[in-house]
Amino acid sequence: MSQSGSLLFVKEKLLLREQLWQSGEELQQQADFCSTLGSSACSLLWSCSSREETITTWLSDGKLHTFLNIAAQTLESFVKSLDEEIKPPAEDHSSNENQFVLALVGTITNIAAVTSGRDFLCSSGHVVLDTLMKLLHLMRPGVFPKLKVLMLMALYNVSICVKGLKHIAQNEDLIPLIWTLLDGRAHWEVCLHCLRLLQSFLLEDDVLLLLGSRLLDQELRARVGRLTSSTQPGLRASALQTLEDLKALCPKDGKPS
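Position in the sequence shown counted from 1, then plus 1, gives you this note's numbering.
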């Protein structure tokens, strides 16, 4: 190759490299824009869903089922990306991605807080309920406690309905999930909302029959017992009450009541 040909080749290579860099910058700008847009839009949904009439309108439109399925898929992808990290990422609520996910779960929580929305989730939202339980089990202790709290609040809201409570109770991983969430490394608010969910099961006779001896798990009782010495008053009181309810399931003869 002649010197002029070599020089032309180098120039073309540099030009292509410059174009590639510019394309990368443009793609990143587009991704940042879409992330900001998604975060803002979902935050608006979260805010609007706090009004009961909004949930009623969404149900009448018949599109809530599609939204819940997309939400379940999005949450699963997000949590799996966390699991791929070597170190747990910092919980930066100001980041667009994290705010988007928090708003998504917050919207589901608000839907479950309304009677009509709760009924819909209990009958047609099993996918999202099962996904929330699955993801709570996958997320490592200490990672994104605010997201876990919102997930637990959504499940608790659903548990107000006996039909929803029975669906959650039928999940074989329920008890292992609860004592995993009551891990000593967990944030106190995660433990508190986990106890509230557990208490829902302890107050419903039909559900107690479904869970049977699983509620007599010694590790579960031990973890609840450790929380009775918490410095957080609300958590300590909830742990004491839950422990009493668990003890009441097993009389002095050691057999389940």
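Note that CB positions come from ideal geometry on N, CA and C, so glycine has one too. Computed from a predicted model, the values in this text were never measured in an experiment.
Please determine, among the options, the residue with the shortest C-alpha to C-alpha distance to residue i.
i, options, result
"I56", "K64, T67, I112", "I112"
"T243", "S96, A114, S201, G165", "S201"
"E205", "S96, H194, I169, T181", "I169"
"C35", "N97, K147, R119", "N97"
"T108", "R227, K167, S51, D218", "S51"
"M152", "A238, L45, V102, G235", "V102"
"R222", "K81, T232, L199, Q233", "L199"
"H188", "S40, C162, A114, R141", "R141"
"V208", "L130, L175, S239", "L175"
"R197", "L212, G235, V163, L210", "G235"
"T37", "F145, Q100, R119", "Q100"
"Y260", "L203, C195, I71, S61", "Missing from the structure shown is residue 260; the chain here goes from 2 to 258 and no further."
"C251", "S231, V115, Q233, S214", "S214"
"A249", "S231, D131, D33, L203", "L203"
"S160", "S61, D120, D33", "D120"
"V144", "Q171, L130, S82", "S82"
"C162", "L178, L193, T116, G63", "T116"
Please report the Cβ distance between residue i and residue j, rounded to the nearest whole angstrom; I am assuming they are in contact, meaning their Cβ atoms lie under 8 Å.
i, j, result
"L105", "C43", "5 Å"
"L133", "A155", "6 Å"
"L69", "G126", "5 Å"
"K149", "V191", "5 Å"
"L122", "L76", "L122 to L76, Cβ: 15 Å. No contact."
"L247", "L216", "7 Å"
With respect to the alpha helix (DSSP H) encompassing residue i, which residues constitute its N-terminal and C-terminal limits?
i, result
"C195", "189 to 203"
"L151", "146 to 160"
"R237", "234 to 249"
"M134", "127 to 139"
"E98", "97 to 114"
"L211", "206 to 212"
"G143", "G143 -> no alpha helix (DSSP H), and no H or E assigned at all."
"T181", "175 to 182"
"L166", "163 to 170"
"G185", "Per DSSP, G185 belongs to no alpha helix (DSSP H) and is neither H nor E."
"R224", "219 to 227"
Got a sec? Which residues, its chain only, sit under 6 Å from residue i by beta carbon, not counting five neighbours each side?
i, result
"R227", "none"
"C49", "T55"
"L1", "Nothing can be reported for residue 1: it is not among the residues displayed for the chain, which extend from 2 to 258."
"I87", "Unreliable positioning characterises I87 in this predicted model, as indicated by a pLDDT of 43, which lies under 50. The coordinate reading is nonetheless provided below. Around I87: no qualifying Cβ."
"G118", "I56, I112"
"K164", "C123"
Can you name, in chain order, every residue of its own chain whose Cβ lies under 7 Å from the Cβ of residue i, other than the five neighbours on each side?
i, result
"H66", "S125"
"D184", "P142"
"A114", "N158"
Below 8 Å CB to CB, which residues in the same chain sit around residue i once its five sequence neighbours on both sides are set aside?
i, result
"W180", "D218, E220, L221, R224"
"T229", "R237, A240, L241, L244"
"G39", "N97, F101"
"V129", "L69, N70, A72, A73, I109, L122"
"Q171", "L211"
"L60", "S117, G118, F121"
"S78", "none"
Does any residue of chain C have a CB that is nearer than 7 Å to the CB of residue i?
i, result
"D218", "No chain C appears in this structure, which consists of one protein chain only."
Continuous beta strand (DSSP E) assignments of at least 3 residues falling wholly in the stretch 33 to 67: none
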